[in-house]
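Asker: Dropping the structure in here first, questions after.
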Amino acid sequence: MNDPISNALTTILNAEKKGKSTCIIKPFSNLVVSILELMKTNGYITEFNSASNARGGSILVKLNKNINECGVVKPRFSFTKKNYEMFEKRYLPAKGLGFFVVTTSKGVMTHKEALDKGVGGKLIAYCY
15 MNDPISNALT TILNAEKKGK STCIIKPFSN LVVSILELMK TNGYITEFNS ASNARGGSIL
75 VKLNKNINEC GVVKPRFSFT KKNYEMFEKR YLPAKGLGFF VVTTSKGVMT HKEALDKGVG
135 GKLIAYCY
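Given below as structure tokens:
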């Protein structure tokens with residue numbers, strides 16, 4: 015069984031470490047697109063374009079060499095205001111550096127947005 019989120023983040027991280035300026039993520043996934051939107055908003059990638067075809071589609075990502083580490087959080091832990099700091103210490107290198115991707119009832123957002131809106135959800139990934 016494949017994990018498209020893990021595959022996408024690993025592809026991005028490997029391309030970033032090799033010094034490439036672009037990478038191609040396959041197959042296309044709406045959740046991966048949501049994660050890429052958050053990465054673009056936070057300045058970790060420059061832009062991305064999606065192309066669909068009969069074989070699942072692909073996403074072309076332009077990198078800007080700002081990613082030190084990104085990955086998937088497994089198992090998918092529940093995220094609340096109370097246990098946020100525990101996960102921050104475990105996955106992020108310092109307070110205020112990087113972000114978590116959280117799926118909530120209000121959509122996919124960063125942990126900072128979730129804390130501001132007062133909603134909880136499941137931790138999906140992290141990036142710094």
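Here the numbering used here is used: the first residue of the sequence shown is 15, the next is one more, and so on. Positions of the beta carbon are idealized from the N, C-alpha and C atoms, including for glycine. If you're wondering where the values come from, they're calculated on a predicted model, not measured in any experiment.
#1: Judging by CA-CA distance, which residue of 101, 94, 96 and 74 is the nearest neighbour of residue 87?
#2: If you follow the beta strand (DSSP E) that residue 101 is part of, which residue opens it and which one closes it?
#3: When the Cα atoms are used, what is the spatial distance from residue 126 to residue 110?
#4: Which of the three DSSP states, helix, strand or coil, is assigned to residue 15?
#5: So what does DSSP say about residue 68, is it helix, strand or coil?
#6: Three-state secondary structure (DSSP) at residue 133?
#7: Rounded to whole angstroms, what's the CA-CA distance from residue 136 to residue 35? Just pull it up for me.
#8: Could you tell me whether the stretch 77 to 92 touches the stretch 15 to 27, using the rule of 3 or more Cβ pairs below 8 Å?
Answerer: On the basis of the data shown:
#1: 101
#2: No beta strand (DSSP E) holds residue 101; the alpha helix (DSSP H) holding it covers 98 to 105.
#3: 9 Å
#4: Model confidence at residue 15 stands at a pLDDT of 46, short of 50, so the residue's coordinates are unreliable and nothing is read from them.
#5: coil
#6: coil
#7: 31 Å
#8: yes
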